[in-house]
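**Student:** I have a structure here, written as structure tokens, and I will follow up with some questions on it.
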Amino acid sequence: MNHPLSLYNTLTRTKQPFTPLESPLVGLYVCGPTVYGHAHLGHARPYITFDVLRRYMQYLGYKVRYVRNITDVGHLQNDADDGEDKIEKYAKAHQLEPMEVVQQYTNSFHLDMASLNILPPDIEPRASGHIIEQIEMIQEILDNGLAYESNGSVYFDVPAYNKDHRYGKLSGRVIEDLLNNTRELDGQEEKRSPLDFALWKKASASHIMRWNSPWSEGFPGWHLECSAMSRKYLGKQFDIHGGGLDLMFPHHECEIAQSQASHNHTDAARFWMHNNLITINGKKMGKSLNNFITLGELFTGSHEVLQQAYSPMTVRFFILQAHYRSTLDFSNEGLQAARKGYLKVMNGLRILDQLQYPTGTAAVDAKADEEIQKLTSELFVPLNDDLNTAKSIAALFNLLKKINSMHTGGFKLEILSEETFEQMRQQYRTLALDVLGLKIEQTTDALTLLEVVLGFYKEAKETKDYAKVDAIRAQLKGQGIVIKDMKSGIDWAYEE
RNA sequence: GGUAACGUGGCCGAGUGGCUAGGCAGAGCUCUGCAAAAGCUCGUACAGCGGUUCGAAUCCGCUCGUUACCUCCA
Numbered sequence: 001m002n003h004p005l006s007l008y009n010t011l012t013r014t015k016q017p018f019t020p021l022e023s024p025l026v027g028l029y030v031c032g033p034t035v036y037g038h039a040h041l042g043h044a045r046p047y048i049t050f051d052v053l054r055r056y057m058q059y060l061g062y063k064v065r066y067v068r069n070i071t072d073v074g075h076l077q078n079d080a081d082d083g084e085d086k087i088e089k090y091a092k093a094h095q096l097e098p099m100e101v102v103q104q105y106t107n108s109f110h111l112d113m114a115s116l117n118i119l120p121p122d123i124e125p126r127a128s129g130h131i132i133e134q135i136e137m138i139q140e141i142l143d144n145g146l147a148y149e150s151n152g153s154v155y156f157d158v159p160a161y162n163k164d165h166r167y168g169k170l171s172g173r174v175i176e177d178l179l180n181n182t183r184e185l186d187g188q189e190e191k192r193s194p195l196d197f198a199l200w201k202k203a204s205a206s207h208i209m210r211w212n213s214p215w216s217e218g219f220p221g222w223h224l225e226c227s228a229m230s231r232k233y234l235g236k237q238f239d240i241h242g243g244g245l246d247l248m249f250p251h252h253e254c255e256i257a258q259s260q261a262s263h264n265h266t267d268a269a270r271f272w273m274h275n276n277l278i279t280i281n282g283k284k285m286g287k288s289l290n291n292f293i294t295l296g297e298l299f300t301g302s303h304e305v306l307q308q309a310y311s312p313m314t315v316r317f318f319i320l321q322a323h324y325r326s327t328l329d330f331s332n333e334g335l336q337a338a339r340k341g342y343l344k345v346m347n348g349l350r351i352l353d354q355l356q357y358p359t360g361t362a363a364v365d366a367k368a369d370e371e372i373q374k375l376t377s378e379l380f381v382p383l384n385d386d387l388n389t390a391k392s393i394a395a396l397f398n399l400l401k402k403i404n405s406m407h408t409g410g411f412k413l414e415i416l417s418e419e420t421f422e423q424m425r426q427q428y429r430t431l432a433l434d435v436l437g438l439k440i441e442q443t444t445d446a447l448t449l450l451e452v453v454l455g456f457y458k459e460a461k462e463t464k465d466y467a468k469v470d471a472i473r474a475q476l477k478g479q480g481i482v483i484k485d486m487k488s489g490i491d492w493a494y495e496e
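Per UniProt numbering, residue 1 is the first one in the first sequence, and the count goes up by one each step.
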């Protein structure tokens, strides 16, 4: 397969032509959520971005295996917190089982993802279901002399690793600089170097989530699950690893070190991709700043900064109108503009479905035909340049102008060849629906529409226009609705 | 403090040496019973100051401003 798809690789800081290790197979791993809260707007970005990448690769003919994990263990609140993890902390406050919390937010996450029309991953492994694999990986790193045990916990030996490898190659960090700028944090006594990170943590007495291991009863370190699970399902080396920019250091850096130290592959993933962050008032939207808007709040408009509710497809379109490596600032104006743009694209879809290529022969206008061919051909090209969805959408609008003209009659369909017309129709639909993953949202409420129809029905009865009365009755019956004329007024019921 | 980015018209947001980005908002026109939709036209934008060049939003330098990572975070 020879596609001109180029992707920006954080590892090399350049755009590189993408070729899979074993075409047409593509292994794609994306860091999934830590399920201790509802997903917010910031979470939507990587999952939408990599959903489009996956969809586009499938469109190109690749067979993609997409793995996105659920992190439900580990992730310390902070180093001074005596080993109490976030999920546990929340669970105690609410008197719930930790796994109950995990399940609740996993369900919520899945609902949000489905609303955004994000295709489910092929494999969605949970960290808590892969403790054995993680323990095995720790043992390998210990055997290779790049980790050490300390008081029941196991730490990755960053300085030892850095002798033969470069810790910091992904994020552009230099170990000496890191050492010079280490913050003074508590709970570091067990570590030989402040840069060392935990592979296994011994659980404190109060820690509920705990597993047996050769070293202590405890829980795995907070970078290990991705290394273990990507390896299990995609192999020691695979094609693409994605995630948010804020995971680059230390999370992804540690993943690289763990993979190298355990199974000696220089780069577990050949391409590392990072989406930029969503900002609000110029500041990163994130849990730590407590300035986030959850997807649920966005969809219902129930947050004080929201002037209105924004539908899932509005959110999706908003995100796709910016390139994934640029920051994107949240604003009501931006979302409102996205909403209109999205609806415009959907109206185009409706028009395309209605357009009929005229039967009978007419002279094809070569110039017009060529113009439409050109606009059509520009639809997918930007995606090859590091997934430039913003530019593809612009191309979609350029073609849409012509489609609208065809609809209103300014542009005569018969001056196009049938082939050009079908190409245009098919490509527009494929880009909008299959690759960008937009879908038509139900914007009308059937019951409200029914009230409108019943209004006309009442009017027809009053003017004794029985032909119309009968027609309305018949039409509604066809929809499974029966009208009931009662003394008290007009009512309706589902036909039994 | 270290490292890495960014600063584009009223708003959002592509573009990286010469060729219309696009969307939203605004103005005008066409169409129209009214309206809407749609189409066409318009504003002549690239933080500031220097430099390189026939030519810079795009390359280089400086200044100003903003942000991210360095600690859990998509």
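Glycine included, C-beta positions come from ideal geometry on N, C-alpha and C. Because the structure is a prediction, the values reported are computed rather than measured.
Locate the alpha helix (DSSP H) running through Thr-300, then write down its first and last residues.
**Tutor:** 295–300
**Student:** For my contact list, Lys-458 and Ile-481 are in at a C-beta cut-off of 8 Å; report their separation, rounded to the angstrom.
**Tutor:** So it is not a contact: roughly 15 Å between Cβ atoms.
**Student:** Between the beta-carbon of Arg-210 and the beta-carbon of Gly-218, is there less than 8 Å?
**Tutor:** yes
**Student:** Return the residue from the list Thr-49, Gln-139, Pro-120 that minimises the CA-CA distance to Ser-213.
**Tutor:** It is Gln-139 whose Cα lies nearest to the Cα of Ser-213.
**Student:** Let's see if you can read the secondary structure: which residues bound the alpha helix (DSSP H) around Asn-398?
**Tutor:** 389–408
**Student:** By a C-beta neighbour count over all protein chains shown, 10 Å radius and 16 as the cutoff for buried, is Lys-15 buried or exposed?
**Tutor:** exposed
**Student:** Just confirm the distance between the C-beta atoms of Ala-432 and Ala-322, as a whole number of angstroms; I'd bet it's less than 8 Å.
**Tutor:** At roughly 17 Å, the Cβ-Cβ gap does not stay under 8 Å, so Ala-432 and Ala-322 are not in contact.
**Student:** Please specify which runs of the alpha helix (DSSP H), each continuous and at least 4 residues long, are wholly inside the region 93–176, giving them in chain order.
**Tutor:** 98–115, 131–143, 158–164
**Student:** If contact is defined by three or more beta carbon pairs under 8 Å, each pair taking one atom from either stretch, is the region 436–445 in contact with the region 303–320?
**Tutor:** yes
**Student:** Quick check on DSSP: helix, strand or coil for Ala-86?
**Tutor:** Per the sequence shown, residue 86 should be read as Lys rather than Ala. Here Lys-86 sits in helix by DSSP.
**Student:** Could you tell me the distance, in whole angstroms, from the CA atom of Ala-395 to the CA atom of Leu-383?
**Tutor:** 11 Å
**Student:** Roughly how many angstroms separate the alpha carbons of Ala-366 and Leu-416, rounded to a whole number?
**Tutor:** 8 Å
**Student:** Beta-carbon within less than 7 Å of residue 501's beta-carbon, same chain only, minus the 5 sequence neighbours each way: which residues are those?
**Tutor:** This structure gives no information on residue 501, because the portion of the chain shown stretches from 1 to 496.
**Student:** Under 8 Å: do the region 245–263 and the region 159–169 share three or more Cβ pairs, one atom per stretch?
**Tutor:** yes
**Student:** Are three or more beta carbon pairs between the region 24–32 and the region 53–66 nearer than 8 Å?
**Tutor:** yes
**Student:** Looking at the unbroken beta strand (DSSP E) that takes in Met-486, where does it start and where does it end?
**Tutor:** For Met-486, the enclosing beta strand (DSSP E) starts and ends at 481–486.
**Student:** Consult DSSP for Lys-191 and reduce its assignment to one of helix, strand or coil.
**Tutor:** coil
**Student:** Along the chain, where does the beta strand (DSSP E) that runs through Gly-27 open and close?
**Tutor:** 25–30
**Student:** Touch check for the region 296–309 and the region 266–279: three-plus C-beta pairs under 8 Å?
**Tutor:** no
**Student:** Nearest CA to the CA of His-251: which residue from Leu-170, Ser-206, Leu-234, Leu-295?
**Tutor:** Leu-170
**Student:** How is residue 497 classed by DSSP in three states: helix, strand or coil?
**Tutor:** As displayed, the chain neither begins before 1 nor continues past 496, which places residue 497 out of reach and without an answer.
**Student:** Assign residue 497 to one of three DSSP states: helix, strand, or coil.
**Tutor:** Residue coverage of the chain in this structure runs from 1 to 496, which leaves residue 497 outside it and unanswerable.
**Student:** Between which two residues does the alpha helix (DSSP H) holding Gln-58 run?
**Tutor:** 41–60
**Student:** Ala-228 and Gln-134 - do their beta-carbons sit closer together than 8 Å?
**Tutor:** yes
**Student:** With a CB to CB cut of under 7 Å and the five nearest residues on each side skipped, what residues in its chain are close to Asn-388?
**Tutor:** His-323, Pro-382
**Student:** Quick check on DSSP: helix, strand or coil for Glu-22?
**Tutor:** strand
**Student:** Consult DSSP for Asp-79 and reduce its assignment to one of helix, strand or coil.
**Tutor:** Low confidence applies here, because Asp-79 scores a pLDDT of 35, under 50, leaving its location unreliable and the question unanswered by this model.
**Student:** What residues match up with Gln-16 in a beta bridge as DSSP calls it?
**Tutor:** Leu-7
**Student:** Quick check: the Cα distance between Val-435 and Asp-385, rounded to an integer number of angstroms?
**Tutor:** 15 Å
**Student:** Could you tell me how far apart the beta carbons of Trp-215 and Gly-152 are, in whole angstroms, since I believe they sit closer than 8 Å?
**Tutor:** 6 Å
**Student:** How should Asn-9 be labelled, buried or exposed, when 16 other C-beta atoms within 10 angstroms of its C-beta is the threshold for buried?
**Tutor:** Its Cβ being crowded by 16 or more others within 10 Å, Asn-9 is buried.
**Student:** Hey, how far is the Cα of Ser-108 from the Cα of Glu-100?
**Tutor:** 12 Å
**Student:** Considering only C-alpha positions, which residue in the set Pro-46, Lys-202, Phe-156, Asp-470 is nearest to His-223?
**Tutor:** Answer by Cα proximity: Phe-156.
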